[in-house]
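**Q** In mature numbering (1 follows the signal peptide of the UniProt record, and there is no 0), the protein residues as written are -22 to -1, 1 to 1018.
(1) Closest by CA to residue 456, which one among 367, 625 and 651?
(2) Assign residue 692 to buried or exposed, taking buried as 16 or more other Cβ atoms, counted over all protein chains shown, within 10 Å of its Cβ.
(3) Tell me which same chain residues have a C-beta within less than 6 Å of the C-beta of residue 386, skipping the five on either side of it?
(4) If you run the structure through DSSP and keep just helix, strand and coil, what is residue 374?
(5) So the candidates are 718, 562 and 376; which of them puts its Cα closest to the Cα of residue 553?
(6) Give me the Cα-Cα distance between residue 283 and residue 207, rounded to the nearest whole angstrom.
(7) In terms of residues, what are the limits of the beta strand (DSSP E) holding residue 699?
(8) So, are the CB atoms of residue 971 and residue 1010 less than 8 Å apart?
(9) In chain order, what residues of the same chain have a beta carbon less than 8 Å from the beta carbon of residue 739, not counting five sequence neighbours either side?
(10) Check whether the Cβ atoms of residue 15 and residue 304 lie closer than 8 Å to each other.
(11) Any idea if residue 717 is buried or exposed, counting beta-carbon neighbours within 10 angstroms, 16 or more meaning buried?
(12) Between residue 778 and residue 625, what straight-line distance do the alpha-carbon atoms span, to the nearest angstrom?
(13) What are the partner residues of residue 105, as DSSP defines its beta bridges?
(14) Pull up the distance between the alpha-carbon of residue 576 and that of residue 289, whole angstroms please.
(15) Per DSSP, which residues does residue 629 bridge with? Please list them.
(16) What do you get for residue 68, buried or exposed, if any count of 16 or more other CB atoms within 10 angstroms of its CB means buried?
(17) Relative to the alpha-carbon of residue 848, which residue among 833, 836 and 814 has its alpha-carbon at the smallest distance?
(18) I need the boundaries of the beta strand (DSSP E) containing residue 800, first residue and last residue.
(19) Could you check which residue in 594, 118 and 26 has the C-alpha nearest to that of residue 1061?
(20) Based on Cα-Cα distance, which residue from 93, 163 and 883 lies nearest to residue 215?
(21) What would DSSP say about residue 779, mapped onto helix, strand or coil?
(22) Rounded to whole angstroms, what is the Cα-Cα separation between residue -21 and residue 874?
(23) Does the Cβ of residue 334 have 16 or more other Cβ atoms within 10 Å, making it buried, or fewer, making it exposed?
(24) What ranges does the alpha helix (DSSP H) occupy inside the stretch 74 to 135, keeping only unbroken runs of at least 4 residues that lie completely in it?
(25) Are the stretch 149 to 156 and the stretch 234 to 248 touching, with three or more C-beta to C-beta distances below 8 Å?
(26) According to DSSP, residue 915 sits in a beta bridge with which residue or residues?
(27) Grab me the residues of residue 646's own chain with a C-beta within less than 6 Å of its C-beta, minus the 5 sequence neighbours each way, in chain order.
(28) Counting pairs of Cβ atoms below 8 Å between the stretch 340 to 356 and the stretch 58 to 65, do you hit three or more?
(29) Where does residue 1000 fall in DSSP's three states?
(30) Return helix, strand or coil for residue 484, following the three-state DSSP convention.
(31) Flag this pair as touching only if the stretch 858 to 869 and the stretch 822 to 842 have three or more C-beta atom pairs under 8 Å; answer yes or no.
(32) Kindly indicate which three-state DSSP category residue 990 falls into: helix, strand or coil?
(33) Could you name each continuous alpha helix (DSSP H) segment of 4 residues or more that falls completely within the stretch 190 to 251, going from the start of the chain to the end?
(34) Which residue marks the beginning of the beta strand (DSSP E) containing residue 410, and which one marks its end?
(35) Buried or exposed: residue 368, going by 16 or more other Cβ atoms within 10 Å of its Cβ?
Laid out in structure tokens, this is it:
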């Protein structure tokens, strides 16, 4: 029982408004500047000495140069990835294509959508590239859903077709403004307004020689300057400005029509003899740099009066990057060669090497980012959307390929990591993981970018395992999909207790434009789905998993009532992310949550039950393992295989089922999109399962969901046949296995067998009794795979697996296995069960973390009524490779009813020990440690040893020293500084909760506010003004 302590304060008769005790972090302004085809080596921070970029150099000197910044291979996908957070394997616009369908879809959440949703004033200036045709003189809108105004942007001056941007003198540009009476997107003349407040450098727009049709980047830059000046002077709203220059994309020669176009290089010796296109290129980049300088000056002096006291730089993030690497003409005299625009990086725009995808990337946030620093952290264009979302307080769309860099930028919180990034260029692709880069360009080549940044030495021959591993990851990112592939968006529509495998319980997806459907998707969840299960009903909704669920990313949440996914023993996969939000709940019984990245259990979300989290586990909600049910293990020949005839799946073309659409079966090979079942020549029915004769490709794998028990014996039977080049005598293999705590397969049975080419043959095997104690409680898997088949295909049908002996009922498991790292936040709640003391994960819950565990939040126990722990009993409730942090409990003690437990920590274990305590809940050990035990603990507990008016048991609760009369909770009531009100202030102690209570009669108190907790040494509370009459106040404190 929780013991509470109260402290009486003075009477207050004057009551005034509440003031926040801590300032909220303001939303930052964000200015994002985007160049077009600017290679990594074209800026001074990356070694450029000939092309003048003084403002970019200054930006680097006052911010961070990310030397491993990445864009895309070409323009259009870079903008799509930038806006949506998905890479080329998943985003719809994965390549340059003049077709109007290649665009940002209405379902895609963009940077503009996200920031506008949390109150930002948003603007886009420059090359957008989608939504209208390419006609120079009279273009028309051809895909309205993709327009910036329909994706959250308030103010727009832009080019809507990337081919029309292949000039700098478009006669018209596209404009929209949500402040208009009837906002629309319409053409306006490409001219510069006659505005005396605009700087004349670098445009020299007032020069008589300036063309009547403006150089479009001057128009974009001046529009951005007006926006920033205006918004920076109105501090009521944060703003976002994206300025997407066309510079330095070709054509280069347009700049020669402008006055003084090369004057900046008059003082550069020998520049008059530079190749003409290099002169033009250098002039373009320096012009862009000067416009950037004007924009930065506006942030420092928004009203342009010379007084910088109105600067907004302290609350503005500035980002500069390019869409892709420098473009090559193939000539030795080209700007790329003349200026070493891609430095020593191999390749150029359009291919898959570093010169095409590594881009200059600078960031500045005064007071946040270290000035003049350099970082080798990998930063991808897909990171911008999630980063801006987190900084602005917007929800990050689920399952993005990008990762928020907000913790790196602000220095606050934990920086999540992703294992790799990918790029795609037609049939070519690459994956970068750490310093290693695998390139698919015909064959496969492997490079170490740390020792070989120019990608000159292929080391694949000596690193075959790494090549196979990276190949599996790369192909799993869908880089070999056809042009009409992308992620699709789906929501759960099922009634309460409906099944997840029923296609009618999910929304269909269709992307159409002008009456033509370009991409449609329906059925049950697939690996390309961005999925949301959200309950907006007036009662709880439970979705029942009756098969494994595979998605790209999935979010589960409720509004006022729970959205529950009853996973049971199945596997839920979110390749990029599984997110369980507020009022979301996953219930599992030996099930698996699987992601290449993380499972994110957010505040007020829940996971209950036993099983495996095959991912990093971010824990901010409630994890509960308090089993009250029993699990039945089938026996007596009951079938354990689902879809053993391979008849259930989703057609992926020609009637075939790929491994990603074949129900219940998956693959552990590198080709999940290959055919997993074929609709011909089956042994029975229509379909046969398929494996390929190369052990690095595709196996058939099923998680049966059946828990293993000591002594288990299984019978396996199936039909097999070699097909299409599988040579007679080559062998396949059947395996039964479980996954250990590091997610590695451990075989409990395996047998190889030769396949005939063309004849169906039946096989049947019976295993020996299971004696591996580590297997107990783990799920049973079956695998059908090549053993030494070099090529061709083998087929299977009528696969059957059963357990011998009687059906067995066992207690539900008390174990959670995390195969990667575990990180809890201060809001995390962990509720574990104790029903005995002998065996961890059987008699009491144990969390087993293969990697590191960072602890925080609360830990509580549910003690089975049939078990009474005795003093001295110990329970190892968590194991990990390395443990840091602690649960937030005062004095490392938790209590459950009349039971008290001491928490002890070492590098790899958390252990609870039942300890003795007094009737008031004071541990005997605390009285002993403070020299207060005189032979009777309960009597000593009631004494006031230091004569400060508080008995020892209250000193224990409040965290004060029972031997020091000056050690008390100091409470003060005093006038509020700068106002007419009053404040209460008191000293904080670690891991306590404080409540402000009020009374009119010193007898009946009500809680006014709280609980308060945290790290400040003193808390100041402003007394509210909506209470009548004279009041007494007190602080109540409870131990966490």
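Beta carbons are placed, not taken as given, at the ideal position from N, Cα and C, and that holds for glycine.
**A** So, from the listed chains and residues:
(1) In the chain shown, the residue the question calls residue 456 occupies position 478. That would be 651, whose Cα lies nearest to the Cα of residue 456.
(2) Your numbering for residue 692 matches position 714 in the chain shown. Burial call: buried.
(3) Residue 386 sits at position 408 when you count from the first residue of the chain shown. Counting only Cβ-Cβ distances below 6 Å, and skipping sequence neighbours, we find 393.
(4) Taking the chain shown and counting its residues from 1, one reaches residue 374 at position 396. In the structure shown, residue 374 sits in coil (DSSP, three-state: anything other than H, G, I, E or B).
(5) As a working mapping, residue 553 is identified with position 575 in the chain shown. When only C-alpha atoms are compared, the closest one is 376.
(6) Here residue 283 refers to the residue found at position 305 of the chain shown. Here residue 207 refers to the residue found at position 229 of the chain shown. Their backbone Cα atoms lie some 11 Å apart in a straight line.
(7) Sequence index remark: in the chain shown, residue 699 carries index 721 (1-based). From DSSP, the beta strand (DSSP E) with residue 699 extends over 692 to 701.
(8) Mapped onto the chain shown, residue 971 falls at position 993. Mapped onto the chain shown, residue 1010 falls at position 1032. Taking 8 Å as the Cβ cut-off, residue 971 and residue 1010 do not qualify as a contacting pair.
(9) If you number the chain shown from 1, residue 739 lands on position 761. For residue 739, where only same-chain residues beyond five positions count, the Cβ hits under 8 Å are 697, 698, 699 and 733.
(10) The residue labelled residue 15 in the question sits at position 37 within the chain shown. The residue labelled residue 304 in the question sits at position 326 within the chain shown. Going by C-beta atoms, residue 15 is nearer than 8 Å to residue 304.
(11) In the chain shown, the residue the question calls residue 717 occupies position 739. Residue 717 should be labelled buried.
(12) Here the question's residue 778 lines up with position 800 in the chain shown. Here the question's residue 625 lines up with position 647 in the chain shown. If you take the alpha carbons of residue 778 and residue 625, they lie about 14 Å apart.
(13) The sequence position of residue 105 within the chain shown is 127, counting from 1. According to DSSP, which records beta bridges pairwise, residue 105 is partnered with 137.
(14) As a position in the chain shown, residue 576 is number 598, starting the count at 1. As a position in the chain shown, residue 289 is number 311, starting the count at 1. Cα to Cα, the separation comes out at about 40 Å.
(15) Here the question's residue 629 lines up with position 651 in the chain shown. In DSSP, residue 629 forms a bridge with 635.
(16) Taking the chain shown and counting its residues from 1, the one referred to as residue 68 is at position 90. Buried.
(17) The residue labelled residue 848 in the question sits at position 870 within the chain shown. Of the listed residues, the one whose Cα sits closest to residue 848 is 814.
(18) Within the chain shown, the letter at position 822 stands for residue 800. From DSSP, the beta strand (DSSP E) with residue 800 extends over 800 to 802.
(19) Here the chain has residues from -22 to 1018 only, and residue 1061 is not among them.
(20) For the purposes of this step, residue 215 is identified with residue 237 of the chain shown, where counting begins at 1. For residue 215, the nearest C-alpha among the options comes from 93.
(21) The residue labelled residue 779 in the question sits at position 801 within the chain shown. In this structure, residue 779 counts as strand in the three-state DSSP scheme.
(22) The residue you call residue -21 lines up with position 2 of the chain shown. The residue you call residue 874 lines up with position 896 of the chain shown. Only weak support exists for where residue -21 lies, its pLDDT of 35 falling under 50; the value from the coordinates is given anyway. C-alpha separation (whole angstroms): 9 Å.
(23) The count along the chain shown starts at 1 and reaches residue 334 at position 356. Answer is buried; the Cβ neighbour count reaches 16.
(24) 89 to 94
(25) no
(26) Your numbering for residue 915 matches position 937 in the chain shown. In the DSSP output, where bridge partners are listed per residue, residue 915 has none listed.
(27) If you number the chain shown from 1, residue 646 lands on position 668. Result list for residue 646: 677 and 679, in chain order.
(28) no
(29) Numbered from its first residue, the chain shown carries residue 1000 at position 1022. If DSSP states are grouped into helix, strand and coil, residue 1000 belongs with the strands.
(30) Residue numbering aside, residue 484 sits at position 506 when the chain shown is read from its first letter. Three-state result, residue 484: strand.
(31) yes
(32) The residue labelled residue 990 in the question sits at position 1012 within the chain shown. If DSSP states are grouped into helix, strand and coil, residue 990 belongs with the strands.
(33) 194 to 211
(34) On the chain shown, residue 410 is found 432 positions in, with the first residue counted as 1. Unbroken beta strand (DSSP E) run through residue 410: 406 to 411.
(35) Counted from its first residue, the chain shown places residue 368 at position 390. Buried: at least 16 other Cβ atoms inside 10 Å.
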